[in-house]
Amino acid sequence: MIDGEVLENIRRHIEVINDTSGLNFQLLCAGEPGISAVKVAKTMFSGPIYACAALVGRNDNLSAEKVGMYGESLVLYATKLGLGTCWVAGTYDANSISPKVEEGEKVWSVITLGYATEKTPLRQKMIRAGIRKSDRRLEQFLESETAYEELPAWVQKGIEAILLGPSAVNRQPVNIVYSDGNVCARLRRTDYELVYVDLGIAKKQFMAAACDQGVDGTFEWGDGGRFIQLVGNLE
Ligand SMILES: Cc1cc2nc3c(=O)[nH]c(=O)nc-3n(C[C@H](O)[C@H](O)[C@H](O)COP(=O)(O)O)c2cc1C
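Its first residue numbered 97, the sequence shown is counted upward by one per residue in my numbering.
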């Protein structure tokens, strides 16, 4: 089971997210030990899932992007608390959870919360390696006249973090446009339902990595949204 204090921290983090964003994220916990909070396809998980967050929000592109941005913020926070997480939008039983969904809203995805087994079982290892085979090369994420190696370190690290981060079925749809010291996040494809969720996730991954490099900033919402620095210099 997950420690009560850890769960309380997650609950508070979700409250702040909802107050800030207008989203309707909800923490769902398993009732008893050995029982999962959500039923997921066995191919991807081993062991019980103690809790999950249901990512509920309105059914439009901006809400989808916010689901990605704030969902990934929850993932990074949970990871810091020592939990294992996974985005699951498709391969779970929707009837096994009952979050409150208002009119005009939908459950975009769930994020599972628990502890990963010490060793990844062979089956899951092989499935993951198969999915990650479609990884793009770092240079393929960049649209710029500047070569990847010539970029400032914070932009390189930001792109690396997008590559390492999750996207739905590993489609990796977000490119980084770099020109005259400015950064934008651009969708190179928009042909699937979760593409704006993936845009929000990629922006959050970039922001977290840039921040680690001492460049604190945030993206404007939307496809092509610019990275706005809050403090520090570009170079
Ligand atoms: C929005 C979103 C939805 C996802 N839905 C599922 C899903 O339904 N089932 C699943 O097993 N994995 C799902 N994933 C996990 C991705 O397949 C996985 O994160 C990606 O392929 C990269 O693998 P990694 O995160 O293990 O490195 C989802 C990821 C995202 C970002």
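Think of the CB as a built atom: it goes at the ideal place given N, C-alpha and C, for glycine as much as any other residue.
Since this is a predicted model, take the numbers as computed values, not measurements.
Rounded to the nearest whole angstrom, the CA to CA distance from GLY200 to LEU119 is 12 Å. The C-beta separation of ILE98 from LEU209 comes to about 7 Å, placing the pair in contact by the 8 Å criterion. One Cα belongs to GLU111, the other to LYS196, and the distance between them is close to 15 Å. The residue among SER263, THR286, LEU326 and VAL291 with its C-alpha nearest the C-alpha of GLN301 is SER263.
Under DSSP, CYS148 shares a beta bridge with LEU124 and THR208. Taking ALA185 as the centre and dropping the five residues before and after it, the same chain places the C-beta of TRP204, SER205, VAL206, ALA264, LEU290 and VAL293 closer than 8 Å to its C-beta, in chain order. For ASN271, DSSP records a beta bridge to ARG282. Listed in chain order, the non-local C-beta contacts of PRO217 below 8 Å within the same chain comprise SER142, local neighbours out to five positions each way being set aside. Between the region 154 to 165 and the region 125 to 136 there are fewer than three inter-stretch CB-CB distances shorter than 8 Å, so the stretches are not counted as touching. Remark: the C-beta of LEU209 is outside contact range of ligand 1, defined as less than 7 Å to any heavy atom. Here the alpha carbons of ASP312 and GLN220 stand approximately 36 Å from one another. By the C-beta density criterion, GLU168 is buried, having at least 16 other C-beta atoms within 10 angstroms. Taking the Cβ of GLY186 as the reference point, at least one heavy atom of ligand 1 falls within a distance shorter than 7 Å.
Restricted to the region 191 to 271, the alpha helix (DSSP H) segments that are unbroken, complete and at least 4 residues in length are 218 to 228 and 249 to 260, listed in chain order.
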